[in-house]
Each structure stands twice: as C-alpha cells, then as structure tokens.
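The structure appears below as structure tokens.
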Amino acid sequence: MIDPIQYVSLADAEVAFYRAEGYLVLPGLLAQSDAVALRGDILDILRIVGFGTTKLRQTKQYLADSRLDALINSPALCELASRLMDGPSTLHSPFTAVKSTGGSQFHFHQDNQYTRFDGPGINFWFAFERMTPENGCLLVAPRTHLDGTIDGIESPDKDGHRTVDSVPDHVLPVRMQAGDCIAFSRLTVHGSGPNVTPNPRVAYGIQFFRDDVRALHPDGEWRLLKAFPRIDPRPVAEIVPDGKT
C-alpha cells in the first residue's frame with residue numbers, strides 16, 4: 002500500500018505550539034484527491050453499518066488493503082504521533098466521525114473521559130471535505146489540556162456520551178479543507194456544532210498512545226496499553242452491520 006501522508010517533517014515551533022496549545026492544524030496532510038476518495042469509501046462503509054441520525058456515526062470497521070488501511074496504519078502518521086508526543090507511539094483506535102444532515106452538536110468533552118490514559122495520547126482528525134461552522138466543524142478549547150483529566154458527566158441527551166460540566170470560555174472553530182488534519186491532545190476539550198447543511202459531514206479520527214502509557218481497565222487496574230490493548234484497531238475482511246459478526 003502507498004502511504005498517503007504527504008509530509009512528516011515538523012518545525013520545532015510547530016511541536017512547541019502543539020504542546021503549549023493542545024492542538025496543531027496540519028494543512029494538506031492528505032492530497033485532496035485522496036480525501037475525496039476516502040470520503041466515498043467511508044460513505045460506502047456507512048451504507049452497510051447504517052447512518053446515524055443525530056450527533057455522530059462512529060464505527061472502527063475498515064477493510065484490509067484499502068485506502069483507509071493505508072491511512073490508519075501509515076508509518077508516516079505514526080512518526081508524526083511519536084514526534085508530537087516525544088516518544089515511540091502505537092495506534093490505539095480508528096473511527097468514522099460522520100455527522101448526518103441535521104445532526105446535532107457533539108457536547109464538549111475530552112477523549113480521556115472515555116478510556117483513561119495516564120500519559121500522552123493524540124487524535125489525528127482528518128477532514129474529507131470542507132469543514133465550516135455550518136456543517137459542524139470541530140471546535141477546540143486551546144490550552145485546556147493543561148488542566149489534566151476532567152471528571153466527565155453524562156451528556157444531557159442520556160446517550161452514553163460524556164461531557165464537561167461547563168462550556169469552556171474560549172472555543173475555536175476549526176475551518177478546514179479536504180485533506181487537512183488537526184492533531185489534538187487526548188486532554189484537549191473539544192466538540193462540534195450541528196450540521197445544518199443538506200449533506201453529511203465526513204471526517205475520520207485516528208488515535209495513538211505513547212508506548213509507555215498505561216490505561217485504566219474496567220476491573221480498576223492500570224495496565225501498559227501496548228501490552229494490554231483496550232481496542233482492537235486491526236482491519237476486517239468484510240464490513241458487517243455493527244453488532245453482528
């Protein structure tokens with residue numbers, strides 16, 4: 002498979018910005034033609050697993066030897082994760098981030114309010130089309146990663162998602178073009194607005210952890226995540242409706 006990542010070299014100032022602000026926009030990390038093709042691939046997957054009708058439709062299924070496989074398991078993307086987290090890193094979880102037409106806002110949260118890490122984690126969030134406030138672009142709260150993990154509460158919608166108990170004072174809408182990516186810390190508070198456009202908003206998240214990180218398991222024990230993964234990120238031979246094998 003051809004690695005679709007367009008560059009791996011980052012200036013020291015870019016790395017410093019990421020560590021200070023909790024996020025870094027990476028323009029043109031994918032070619033626009035690849036982003037458009039990946040958008041179609043994701044919509045094909047969702048035609049099988051089912052589209053969401055509210056906030057987001059998330060599935061981690063992707064086909065072996067596909068364009069998504071090349072992106073998710075990109076050595077160059079892993080190298081970028083290692084550079085930004087200052088140490089060898091490993092894939093944690095890939096997932097679709099598709100907001101249907103009329104999809105509502107996704108409440109502000111930290112990724113660490115779900116599977117909890119005791120060290121660095123990063124999310125690479127790819128835009129496969131133009132992202133604007135109108136179609137529910139990502140919203141980030143700079144420097145919130147400096148506060149550490151915030152105890153989450155159940156979202157007001159009672160849908161199993163977590164949220165913070167108050168909206169951050171300073172929130173930045175991240176406008177993006179197809180092929181752009183934003184990398185943000187697992188501790189950065191983020192969310193997204195509603196999609197009021199007539200088309201689904203298609204994005205994709207790929208999460209990594211630094212290899213010395215431990216994760217909290219359901220039994221209350223902390224274990225080295227590289228030795229005891231919480232999520233199986235491997236590709237599948239066939240896409241099936243979620244909940245079926």
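Going by my numbering, the final residue of the sequence shown carries number 246, and the count climbs one at a time with no gaps. Think of the CB as a built atom: it goes at the ideal place given N, C-alpha and C, for glycine as much as any other residue.
For Gly192, is the beta carbon positioned less than 8 Å from some heavy atom of the ligand FMN?
The ligand FMN is not part of this structure, which contains no ligands at all.
Return the bridge partner residues of Thr91 from the DSSP annotation.
Within the sequence shown, the letter at position 90 stands for residue 91. In the DSSP assignment, Thr91 forms a beta bridge with Phe210.
Counting along the chain, where does the beta strand (DSSP E) carrying Val141 start and finish?
Here residue 141 refers to the residue found at position 140 when the sequence shown is read from its first residue. Looking at the DSSP string, the run of the beta strand (DSSP E) that includes Val141 is Leu139 to Val141.
Tyr19 bridges to which residues according to DSSP?
Within the sequence shown, numbered from 1, the residue matching residue 19 stands at position 18. Partner(s): none; Tyr19 has no beta bridge.
Could you tell me the distance, in whole angstroms, from the CA atom of Val26 to the CA atom of Asn200?
Along the sequence shown, one-based indexing puts residue 26 at 25. Along the sequence shown, one-based indexing puts residue 200 at 199. Distance between the alpha carbons of Val26 and Asn200 is about 24 Å.
Rounded to the nearest angstrom, what separates Val214 and Gly120 at their Cα positions?
Numbered from 1 along the sequence shown, position 213 holds the residue referred to as residue 214. Numbered from 1 along the sequence shown, position 119 holds the residue referred to as residue 120. If I take the Cα positions, the gap works out to 5 Å.
Please report the Cβ distance between Pro95 and Ile73, rounded to the nearest whole angstrom; I am assuming they are in contact, meaning their Cβ atoms lie under 8 Å.
Translated into positions along the sequence shown, residue 95 becomes position 94. Translated into positions along the sequence shown, residue 73 becomes position 72. Indeed, because the Cβ distance is near 4 Å, the residues count as touching under 8 Å.
Using a Cβ-Cβ cutoff of less than 8 Å, which residues in the same chain neighbour Glu15 once the five nearest sequence positions on both sides are dropped?
As a first step, residue 15 must be located in the sequence shown, where it is residue number 14. Answer for Glu15: Leu25, listed in chain order.
Closest by CA to Gly122, which one among Asp4, Ser10, Arg235 and Lys227?
Looking up residue 122 in the sequence shown gives position 121. That would be Lys227, whose Cα lies nearest to the Cα of Gly122.
Which same chain residues end up closer than 6 Å to Gln106 when comparing Cβ atoms and leaving out the 5 residues on each side of it in sequence?
Stepping through the sequence shown from its first residue, residue 106 is reached at position 105. These residues qualify, in order along the chain: Gly194 and Pro195.
Reducing DSSP to helix, strand and coil, say where Lys159 ends up.
Here the question's residue 159 lines up with position 158 in the sequence shown. Caution applies to Lys159, whose pLDDT of 48 falls short of 50 and renders its modelled position unreliable; the model cannot decide the point.
Rounded Cβ spacing between His218 and Ser186 (contact assumed at less than 8 Å)
In the sequence shown, the residue the question calls residue 218 occupies position 217. In the sequence shown, the residue the question calls residue 186 occupies position 185. In this structure His218 is not in contact with Ser186, their Cβ atoms being roughly 22 Å apart against a cut-off of 8 Å.
Between the stretch 177 to 192 and the stretch 227 to 240, do three or more beta carbon pairs fall short of 8 Å?
By the C-beta criterion, the stretch 177 to 192 is judged not to be in contact with the stretch 227 to 240, since fewer than 3 inter-stretch pairs fall below 8 Å.
Since Pro236 and Ala65 are thought to touch, with beta carbons under 8 Å apart, how far apart are those beta carbons, to the nearest angstrom?
Taking the sequence shown and counting its residues from 1, one reaches residue 236 at position 235. Taking the sequence shown and counting its residues from 1, one reaches residue 65 at position 64. Confirmed, Cβ separation roughly 4 Å.
Is it buried or exposed for Arg2, if we count other Cβ within 10 angstroms and need 16 for buried?
Along the sequence shown, one-based indexing puts residue 2 at 1. A small fix is needed here, since residue 2 is Met in this sequence, not Arg. The residue is exposed, with fewer than 16 neighbouring Cβ atoms inside 10 Å.
Count the other CB atoms within 10 Å of the CB of Ile6; is the residue buried (16 or more) or exposed (fewer)?
Numbered from its first residue, the sequence shown carries residue 6 at position 5. Counting of Cβ neighbours within 10 angstroms places Ile6 among the buried residues, the total reaching 16 or more.
Would Gly206 and His108 qualify as a contact pair, given that the criterion is a beta-carbon distance under 9 Å?
Position 205 of the sequence shown, counting from 1, holds the residue named residue 206. Position 107 of the sequence shown, counting from 1, holds the residue named residue 108. Taking 9 Å as the cut-off, the Cβ atoms of Gly206 and His108 do not count as close.
Among Thr133, Asn124, Leu39 and Ala179, which residue has its Cα nearest to the Cα of Ser83?
Residue mapping note: residue 83 aligns to position 82 of the sequence shown, counting from 1. Selected option, being the one with the closest Cα: Asn124.
Provide the residue(s) that pair with Leu25 in DSSP beta bridges, ordered along the chain.
Reading the sequence shown from its first residue, position 24 is the one you call residue 25. In DSSP, Leu25 forms a bridge with Ala184.
State buried or exposed for Ala21, treating a residue as buried only when at least 16 other CB atoms are found within 10 Å of its CB.
Indexing the sequence shown from 1 puts residue 21 at position 20. Counting C-beta atoms within 10 angstroms of its own C-beta, Ala21 has fewer than 16 neighbours from the protein chains shown and is therefore classed as exposed.
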